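This report refers to the structure that appears directly beneath it.
In the UniProt record's numbering, the protein residues as written are 1 to 52.
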């Protein structure tokens, strides 16, 4: 199980990336199922959904 720590950038796959008026937003996914959303000013992690 992962905590909210940042993942190794080499273990993440870029799923989508686009420019906004405030800069680039990138959506990355780790093999463990965690998503990271990155901008120039922040990094947010979203855990995988629990099934059931």
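A virtual CB, placed ideally from N, CA and C, is assigned to each residue, including glycine. Keep in mind that this is a model prediction, so the values were computed, not measured.
DSSP three-state assignment for residue i, whether helix, strand or coil
i: residue 39; result: coil
Chain B within 8 Å of residue i, Cβ atoms only
i: residue 28; result: The structure shown has no chain B; it contains just one protein chain.
Cβ-based burial, residue i [other Cβ within 10 Å; buried from 16]
i: residue 12; result: buried
C-beta atoms of residue i and residue j nearer than 8 Å
i: residue 34; j: residue 7; result: yes
Legend entry - Runs of beta strand (DSSP E) lying entirely within the region 9-36, each at least 3 residues, in chain order: If only uninterrupted beta strand (DSSP E) runs of at least 3 residues are considered, those enclosed by the region 9-36 are 12-20, 23-30.
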